[in-house]
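Scroll down for the structure; my scribbles are underneath it.
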Amino acid sequence: MLTSDARLRTPLDAIFFDCDGTLSTIEGIDELAATNGVGEAVKILTAEAMGQTGINPTLYQKRLALTKPTQQQMTWLGQQYIKHLTPDVLPVIKIFQKLGKTIFIISAGLFPAIAILGKYLGIESSSIFAVNIQFDSNGRFLNYEEDSVLTHNEGKQIIVREKLKQYPRLGYVGDGLNDCSVKDLVTRFVGYGGAYYRENIAAMCRYYIKASTMAPILPLMLTADEVSKLNSDEKITFQKGLSGLV
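If you read the sequence shown in this note's numbering, its first letter stands for residue 3, the second for the next number, and so on.
And the structure:
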């Protein structure tokens, strides 16, 4: 149920979405690791990063050193992100875009794969923050963007602080510890647990979604005036969102 004090009265300028476990129900690095025969080892590291310690350069390097994804697998993973899209993500993002909000994807995942998802969602590559990766002439793993701030737990915070200069009213949706690092910076932070419920993350969030749909983001991030501008199909998604708030 949405209480009156939860309703925004001034529109948001832009919204950040995490990728893995938020826009898509999979953890990309875990999918790659499973394909390359190191699934269990990497899954343990991912769970540690997302729910316990946060991301850090050492853990990040360990996962990629184990996985060694190929260039061809980046295309495959991008398609997997789309295949496992969180329910109602596409109409939710289309509504935000219709209302003039800039949409960003921010992730410690790998840029080539996330850019494929971004294109599908109508999000410019310049609005995607992720970690780039390098391959040799045969498309084999060579290295990654080791100096990316996103390999640090405070990396998302650094990027959000910079964007606040241009977009003073930001929304943010994410599922992990490194997402929670921005919750005191933005106007409206929402934890998403529809793919991976994490009790400690839920305890940190004033607003936390357990439903397996992105629709509840709409009542949490739209003003009453914006809701009045929705067409009949969009209002159905909005009502589904209201039903998903508990």
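All C-beta atoms in this analysis are idealised placements derived from N, C-alpha and C, irrespective of residue type, glycine included.
Candidates I161, T189, I97, I84: closest to T12 by CA position: T189
Nearest-angstrom Cα separation, counted from S129 out to L112: 14 Å
The region 42 to 51 touching the region 122 to 136, judged by at least three CB pairs closer than 8 Å: no
According to DSSP, residues forming a beta bridge with S26: D22, L87
Of the listed residues I135, Y174, A110, Q241, nearest to N58 (C-alpha basis): A110
Y62 - DSSP class collapsed to helix/strand/coil: helix
Own chain residues within Cβ distance below 6 Å of Q73, not counting five before or after: F137, G141
Residue from N38, L66, V192 with nearest C-alpha to L247: V192
Option in F98, S214, D181 with minimal Cα separation from D15: F98
Unbroken alpha helix (DSSP H) run spanning S245, endpoints: 234 to 245
For L166, three-class secondary structure by DSSP: coil
Runs of alpha helix (DSSP H) wholly within the region 67 to 131 (minimum 4 residues, chain order): 73 to 85, 91 to 100, 113 to 123
Test item: CB-CB of V2 and L152 under 8 Å: No answer is possible for residue 2: the residues shown for the chain start at 3 and end at 248.
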